[in-house]
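Note that the protein sequences, when read in sequence, are chains A and B. The end of the first sequence is residue 360 by our numbering, with every number in the run present. The end of the second sequence is residue 376 by our numbering, with every number in the run present. Cβ atoms here follow ideal geometry from the backbone N, Cα and C, with glycine treated the same way. Predicted model, so just to flag it, every value in this text is computed and none were measured.
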Amino acid sequence: MKQYKPVFILLVSIVLIQLAAVLLGKAFLLTQLTMSAYYVLVAVGLCMVMGYAGQISMGQAGFFAIGGYTAASLGTINFAEGTHSFLFRILDAAGLLIEETTLYGDVIQYLNPWVSLLAAILIAGGAAFVLGVPVLKLKGHYLAMATMGFGIIIYRIVLGSRVFGEADGISNVPAFPLVPGLAVSGDFQSRVSNYYIAWTLVILGMILLINLIHSRVGRALRSLHGSEDAADAMGVDTSRYKVSVFVIGAVFAAVAGFFMTHYNGGIGPSEAGVLKSVRYVSIVAVGGMANLWGALIMGLVLNFLSLRGVFGHFDDAVFGVVLVFIMMFMPEGFIRKSFWQGLKIRAAGLRKNRKVQSEGAAGE
Amino acid sequence: MSNTAAECGKSLLRIEGLDKYFGGLHAVDSVSFDVTSGMIKAVIGPNGAGKTTLFNMIAGYFPPSGGEVYFQDTLITGMKPFEVAGQGILRTFQNLKLNPHMSVLDNVLLGCHRTGKAGFLAGMLSSGKSRKEERQAVEAVLPVLEWLNIIDQKDTEVGNLSFGNQRAVELARALASDPPMLLLDEPAAGLNMHETEDLAQRLQTIRDQGKTILLVEHDMSLVMDISDEIVVLNFGQKIAEGEPQAIQRNEEVIRIYLGDDNA
């Protein structure tokens, strides 16, 4: 149970932040906090792949986009236009369509987003599997380049395809009704509930990953990071484990992209960009690599600041600088026990010195 | 231990005509020998004799150019390392391969991986079965840590341990799942005399518990003290095989180790 204590702290902080934002009359901040939560979900998934299993992925934005564009393209098909089609009759009979009347009195029927969520998970997981099997044989820079190549391909596909709206992306994505009275949408009235939906998703994701880390599989993943040969020698099917954790990271990204697209009511190609992938990598790095909580905190802080426009035109540059700085000066990351312990020891040393000096002065 | 008197003395590992070429180099040249259940067998030879290559072929790190290895009458050539481990042949490495950022206990628990079942889903959902399996693994491993005198450091990160203790962690990891056979690649390398004596006693205890050990070692006194049988390799060929006393008297072995008078 010890490992769940931070989850409880997170839960309390989420509630406190929400109350503070509303009480201080800054409820508009909840929008950026909600979006940050979805980016955090990508970061913690990548943290598992990169920090724990030691496999870098520069293609997480690609998986995020797969989730987002699945939500957008499946969610914006109006089946009411082709009520005689075979597909319509099947979906209608299975009860998988949601009927809605627009402001102009037109009836539209769209696919139940739970179906497209399943599709998003399957497509992203499948893509990660097909990509991962050959690519995860590579190591280090080569793996980084290969996954980045995948990210670029996804970016060019969404940018160049008519069905994905080219440079404009896809808008007017309907809300995602989770349960009656609770929907993922950018509605002004549902800002608070959406904040909680997003962070609940993060909490669920964290619990799954924390459990995984403390399990037999988690130990095998961490040890294959340390030495692949050793893990292999102890009976760990390293190639299968690497692919599996890569698929998990991809599914986390896709789910985040899916929810975010319903929340924003649309998605554009910039979400698939390579610079977004770099962002996720730098968040995991600055969070301390093998540190889920570090990735969560830095993901929240950096994305929130970025979404608030604090970095201005230098948005992407900031993430690049962060990455370079961390790699050069703190390859173990910023939020890491040893770093803070080191500071403490140094501070204690300073105090001791000062004490000795003052005692020496008093003695004279 | 499961070994009965009848099982003892039966061939556990059978190596038949193993060959390995690296380009034009014939690193291992049709080597054959048996390892009988419940014995310590050592492979010795000068540097470059092909000992480690032989080891890596048995453990599945690279495929032999020819020949076969049988373990308990199962053909294991062509298996991947993790599959060989799954058969119950656990190895240690000459250059320690531990995760320095993981605790001693976690490093050793990795040794139980092959006998565990919980997968990704069970792990993520922290299912009752997977937690029970985890508890059982810890219970099984603690006596091993105690026996190797590293129980007090069980929560320490391995990177902070002395070299001797790190070697002990490697041995504990190989022993964790109670495997029938150990492959030890220079287990005494880097140990001082006192630690080497400890190791000798421990290896004999492990054998007396019914496990079979195949080891590569440079420390001749250790090899002569504890081995039941020795295989001598030179330039990839087996030049002698037998009990320690016989090997010590073998003229060809003396020649390659001490040099030829006429050279």
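- Under the Cβ distance rule, Met230(A) counts among the residues neighbouring chain B, one pair being separated by less than 8 Å.
- DSSP links Pro173(A) through a beta bridge to Ala179(A).
- At a C-beta separation below 8 Å, Leu208(A) has these neighbours in chain B: Phe233, Gly236 and Met237.
- Chain B has a Cβ within less than 8 Å of the Cβ of Thr234(A).
- Fully contained in the region 23 to 77 of chain A are the following alpha helix (DSSP H) runs of length 4 or more, in chain order: 25 to 43 and 56 to 71.
- Scanning Phe315(A), Ala281(A), Val251(A) and Leu296(A) for the CA closest to the CA of Gln51(A) turns up Ala281(A).
- Contact between Phe146(B) and Val344(B) holds, with the beta-carbon distance rounding to 5 Å and staying under 8 Å.
- In the structure shown, Thr309(B) falls within a helical segment according to DSSP collapsed to helix, strand and coil.
- A direct Cα-to-Cα measurement between Leu217(A) and Asp164(A) gives close to 40 Å.
- Around the beta carbon of Glu354(B), 16 or more other beta carbons sit within 10 angstroms, so the residue counts as buried.
- Taking CB atoms only, Ser181(A) has no neighbour in chain B less than 8 Å away.
- Counting C-beta atoms within 10 angstroms of its own C-beta, Phe206(B) has 16 or more neighbours from the protein chains shown and is therefore classed as buried.
- Counted as a single uninterrupted DSSP element, the alpha helix (DSSP H) harbouring Asn190(A) occupies residues Arg187 to Ile209.
- For the pair Tyr151(A) and Gly269(A), the CB atoms are nearer than the 8 Å cut-off.
- Annotation for Leu134(A): Ala142 place their beta carbon closer than 7 Å to its own, counting only its chain and skipping 5 residues before and after.
- Counting of Cβ neighbours within 10 angstroms places Ile326(B) among the buried residues, the total reaching 16 or more.
- Not one beta carbon of chain A lies nearer than 8 Å to the beta carbon of Ser145(B).
- Cβ atoms of Ser223(A) and Asn212(B) come within 8 Å of each other, at about 7 Å.
- For His214(B), the three-state secondary structure derived from DSSP is coil.
- Contact note: Pro213(B) reaches chain A through Gly222, using a C-beta cutoff of 8 Å and chain order.
- Closest by C-alpha distance to Gly284(A), out of Val317(A), Leu205(A) and Met323(A), is Met323(A).
- Rounded to the nearest whole angstrom, the C-alpha separation of Tyr106(A) and Phe75(A) is 6 Å.
- Within the region 235 to 279 of chain A, no complete alpha helix (DSSP H) segment of 4 residues or longer occurs.
- Counting along the chain, no beta strand (DSSP E) covers Gln200(B); the unbroken alpha helix (DSSP H) around it starts and ends at Pro194 to Gln200.
- Annotation: Cβ neighbours of Gly214(A) in chain B (cutoff 8 Å, chain order): Gly236.
- Across the set Phe315(A), Phe60(A), Val251(A) and Ser302(A), the C-alpha of Phe60(A) shows the shortest separation from the C-alpha of Ile148(A).
- In the pairwise beta carbon analysis, the region 163 to 170 of chain B is classified as not touching the region 147 to 155 of chain B: fewer than three pairs are separated by under 8 Å.
- In this structure, the alpha-carbon of Ser243(B) lies about 21 Å from that of Val243(A).
- Interface residue (Cβ-Cβ distance to chain B less than 8 Å): Ala226(A) is classified as such.
- Minimum Cα-Cα distance from Leu319(A) among the listed residues Glu95(A), Leu271(A), Leu20(A) and His309(A) corresponds to Leu271(A).
- In the three-state reduction of the DSSP assignment, Glu299(B) falls in the coil class.
- In summary, no residue of the region 42 to 65 of chain A has a CB separated from any CB of chain B by less than 9 Å.
- Only exposed fits Val8(A), as fewer than 16 other CB atoms lie within 10 angstroms of its CB.
- In this chain, the beta strand (DSSP E) harbouring His139(B) covers Leu138 to Thr149.
- Across the region 214 to 227 of chain B, CB contacts with chain A closer than 9 Å involve His214, Met215, Asp219, Asn220, Leu222, Leu223, Gly224, Cys225, His226 and Arg227, in sequence order along the chain.
- Note that the C-beta distance between Gln56(A) and Ala286(A) is not below 8 Å.
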